[in-house]
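FYI, the numbering for the sequence shown is -21 to -1, 1 to 317, going by mature numbering (1 follows the signal peptide of the UniProt record, and there is no 0).
For reference, the structure is listed below as structure tokens.
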Amino acid sequence: MKKLLCMLFFFWFNAVNISFAQQETPRHMVQVYWDDDFINFYGHGTDRAYTDGTRFTYFYTKKKPSRFIIDRLMPKAGDSSLNVFGLGLAQVIFTPDKIINPNFQPNDYPWSGSAFITHSLYSYNEKQKYDFQTELVLGVNGPASLARQAQEMIHHLIDDEQPQGWKYQFGNSLILNLNFTAEKQLLHYGNFLEVIGGGQVQVGTGINAASAYSIIRIGKMNPYFQGLMTQYGRSATRSKIQFYLVIKPRVQLVLSNAILQGGLNASRPAPILVPGNNGGPPTLQYYHPISNFIASYAYGPVLVLNRFSISSLQTTTTPWMKGLYSITWGNLTFNYVF
């Protein structure tokens, strides 16, 4: 009996390995994406401004063209494009620097949170080295995002100080956004160096902005425009191991941002009356206006081991609100392709 079981296991193991070896580019990927300002390459973690962003996304390809009307309307990168669809769930949290201060803090970033679902299409043209990325966002900004509950729960679990100012967050408002991105390869050197240029437009009730950026990838890697799956997992024709560095400089023009200003028809905390200097008249103080121009850079390594990958990027930006401080946060992203 033991011998029979060993033989069956041997044949099963070989069949699985053969099927993996013969399998083409993976058709599914699960991604866990976590931004947090406590993650810092140099040990200078904080708990302020953009303090947390979490996203779970399932990516997939289809054997036949999608019949879903929204999918059919999304731009494709040519007739022979590789189309990767995505469904995601995300939450974003902002707080001021002094989270144990129970008073309204007009000279800092607001207490604010958003939660939303996403439907996306990443369409790649491997031959001509360009892609289109379209994302539809539907969600809510305000108490219904459960940002307060999420932060309080995490701080309780790690035995950290509890935030005291969530009563000053903006009221609930609808987030409905369309984000469109186009990317094109500008330069490459074998499979060791790629320079990609990109532009993005965001329109809706959440954020209205336009940005230009570049992606520089250096190391052992699969070609970028071979598709999202092979960036973070093995391909049928290339090595199962990748290790490369990513550098992303970006400039952005922002016209409105609901998470910093409050959304449409949302209630807002009242301004506070501040005594004037040297006997001058008191003034009303409220949150600073948003910065219309933001510059940023991100960098970090990506490691791919067969079907699993992990990356860690650190991002630093100029202030998102006029007269305030710059923002730095780290990211950990885990991917599994199958």
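Here a beta-carbon is modelled for each residue, glycine too, at the ideal position from N, C-alpha and C.
Beta-carbon contacts of residue i that lie in its chain and below 7 Å, excluding the five residues immediately before and after
i	result
D110	A56, Y101, S102, Y103, N104, E162 and F204
Y192	G177, K227, P228 and R229
F317	P5, H7 and R286
Burial state of residue i (16 or more Cβ within 10 Å)
i	result
D139	exposed
L166	exposed
N256	exposed
I186	buried
W(-10)	With a pLDDT of only 45 at W(-10), under 50, the local geometry of the prediction cannot be trusted, and no value is derived from it.
Where residue i sits in the DSSP three-state scheme
i	result
R229	strand
K55	coil
W13	strand
I49	helix
N257	helix
P280	strand
Y147	helix
6 Å CB neighbourhood of residue i in its chain, flanking five on each side removed
i	result
Q112	Y101 and T160
T33	W13 and Q70
Where the alpha helix (DSSP H) through residue i begins and ends
i	result
I238	A237 to Q240
Q210	L207 to Q210
I133	A126 to L136
Residue i, enclosing beta strand (DSSP E) - first and last residue
i	result
E173	L172 to G183
F313	I306 to V316
N120	Y109 to N120
Residue i versus residue j - alpha carbon distance
i	j	result
F64	K43	13 Å
I269	S235	8 Å
P54	T30	33 Å
N201	F287	14 Å
V9	G67	10 Å
Y315	G212	7 Å
I273	I154	22 Å
D26	R46	45 Å
Q128	W308	21 Å
Q84	F20	29 Å
Beta carbon proximity, residue i to chain B, threshold 8 Å
i	result
L52	Chain labels in this structure do not include chain B; a single protein chain is all it has.
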